[in-house]
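Below is one structure, written out as structure tokens; comments come after it.
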Amino acid sequence: MTVASPLQFRHIQDAAKRIAGVAHRTPVLTSKTANALAGAELFFKCENFQRVGAFKFRGAYNALSQFTEAQRKAGVVSFSSGNHAQAIGLASRLLNIPALVLMPHDAPQTKITATREYGAEVQTYNRYTEDREAIGRDLAERRGMTLIPSYDHPDVICGQGTAALELFEEVGQLDVLLVCLGGGGLLAGSALAASGASPQCEVIGVEPALGNDGQQSFRAGKIIHIPVPDTIADGAKVTHVGEHNFPIFQQHVKDIVTVDDAQLISTMKFFAERMKIVVEPTGCLGAAAALQQAYPIAGKRVGVIVSGGNVDLPVLSQLLA
Numbered sequence: 044m045t046v047a048s049p050l051q052f053r054h055i056q057d058a059a060k061r062i063a064g065v066a067h068r069t070p071v072l073t074s075k076t077a078n079a080l081a082g083a084e085l086f087f088k089c090e091n092f093q094r095v096g097a098f099k100f101r102g103a104y105n106a107l108s109q110f111t112e113a114q115r116k117a118g119v120v121s122f123s124s125g126n127h128a129q130a131i132g133l134a135s136r137l138l139n140i141p142a143l144v145l146m147p148h149d150a151p152q153t154k155i156t157a158t159r160e161y162g163a164e165v166q167t168y169n170r171y172t173e174d175r176e177a178i179g180r181d182l183a184e185r186r187g188m189t190l191i192p193s194y195d196h197p198d199v200i201c202g203q204g205t206a207a208l209e210l211f212e213e214v215g216q217l218d219v220l221l222v223c224l225g226g227g228g229l230l231a232g233s234a235l236a237a238s239g240a241s242p243q244c245e246v247i248g249v250e251p252a253l254g255n256d257g258q259q260s261f262r263a264g265k266i267i268h269i270p271v272p273d274t275i276a277d278g279a280k281v282t283h284v285g286e287h288n289f290p291i292f293q294q295h296v297k298d299i300v301t302v303d304d305a306q307l308i309s310t311m312k313f314f315a316e317r318m319k320i321v322v323e324p325t326g327c328l329g330a331a332a333a334l335q336q337a338y339p340i341a342g343k344r345v346g347v348i349v350s351g352g353n354v355d356l357p358v359l360s361q362l363l364a
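Below, the structure is given as structure tokens:
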């Protein structure tokens, strides 16, 4: 049975007001070549140009900006494969809040380094043998800090939804919105944004084929857990979607599709060669679905959330070679 989420379109609008003037209003790019390949009119919302290089800054700042004075003094603890970690680091610095972030030992070095440079304390863990959520809860309790997960939190969800809200404000009604799916914060927030800004729009989640826990969950009607997936989409190497996110999928998401790693690499090359932008593998999920026609979009107006551009340069060179 579907349990309705208390989150609504107005909560996305409220988040947009909180982050206004702090988060970048990122550009929407188009490409005639991409349109020809997809057989559709594509609008790319480029969150690789966001602060910290990914959409995650939106949710992190929206959450931390609502802390009480006591919470700000005690600090924030979080866990992330990379982009949310950087976002917490920057948002906490801007708001003068101490931050501790758990990151996988095999996270891209560029993301670990950037998180530390933003001023956050970083502890690493083994994503294959340790439970980051349990570690995070324990640290928060022992240190008296507030835990802000990377995707399973109402304020994070609403902040992430502001990217799609901006897209609709700029280009108007859309037929389809393709959104990358890891833990589900961006997809849930985008679906809420679409429900108010473009109600007829079909919101589609896109996962790596080797990490399709969201697709399995969507079809089963309950959250399915999987082992850590072996995919180049490091931002989507999660074992399950969030409990706050899933009811929103059930209410507002039309379908969840997958693309494979080879298609992600091909899409990274397309962005670099044809559109002259750097996009990380996870950020290519939605675009790959469009270019590979993983969901029927022929003749339609289609929004694509390009979620981020943080990738180690040696890895980028290897993938684009």
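The sequence shown lines up with residues 44 to 364 when you count with this note's numbering. Ideal Cβ positions, reconstructed from N, Cα and C, are used throughout, including at glycine. If you're wondering where the values come from, they're calculated on a predicted model, not measured in any experiment.
Three-state secondary structure (DSSP) at residue i?
i: Y168; result: strand
i: S48; result: coil
i: R68; result: coil
i: G96; result: helix
i: L220; result: strand
i: S121; result: strand
i: P248; result: For clarity, residue 248 is Gly in the given sequence; the question names Pro instead. It is a strand residue.
i: L143; result: strand
i: Q336; result: coil
i: E323; result: coil
i: A364; result: coil
i: P242; result: coil
i: P197; result: helix
i: T76; result: helix
i: T153; result: helix
i: T111; result: coil
i: N105; result: helix
i: H54; result: helix
i: L138; result: coil
Along the chain, where does the alpha helix (DSSP H) containing residue i start, and where does it finish?
i: G87; result: The displayed chain sequence assigns Phe, not Gly, to residue 87. No alpha helix (DSSP H) contains F87, which is instead part of the beta strand (DSSP E) from 84-89.
i: D174; result: Counting along the chain, D174 falls outside any alpha helix (DSSP H), and DSSP gives it neither H nor E.
i: N353; result: Unbroken run through N353: none, as it is neither H nor E.
i: K265; result: Where K265 is concerned, there is no enclosing alpha helix (DSSP H), given that its DSSP letter is neither H nor E.
Between the beta-carbon of residue i and the beta-carbon of residue j, is there less than 8 Å?
i: D218; j: E245; result: yes
i: L50; j: I291; result: yes
i: G346; j: F86; result: yes
i: N288; j: E323; result: no
i: D207; j: A231; result: At residue 207 the sequence reads Ala, which differs from the Asp that was named. Not in contact: A207 and A231 (Cβ atoms no closer than 8 Å).
i: D355; j: T153; result: yes
How far does the beta strand (DSSP E) with residue i in it reach, from first residue to last?
i: R344; result: 344-349
Going by the DSSP bridge assignment, what does residue i pair with across the sheet?
i: L133; result: Answer is none; L133 lacks a bridge partner.
i: T189; result: V119
May I ask whether a heavy atom of the ligand COA can be found less than 7 Å away from the beta carbon of residue i?
i: T189; result: Looking at this structure, you won't find the ligand COA or any other ligand, since it has none at all.
TODO: Please go through the segment 272-305 and give each complete alpha helix (DSSP H) segment of 4 or more residues, from N-terminal end onward.
DONE: 289-295
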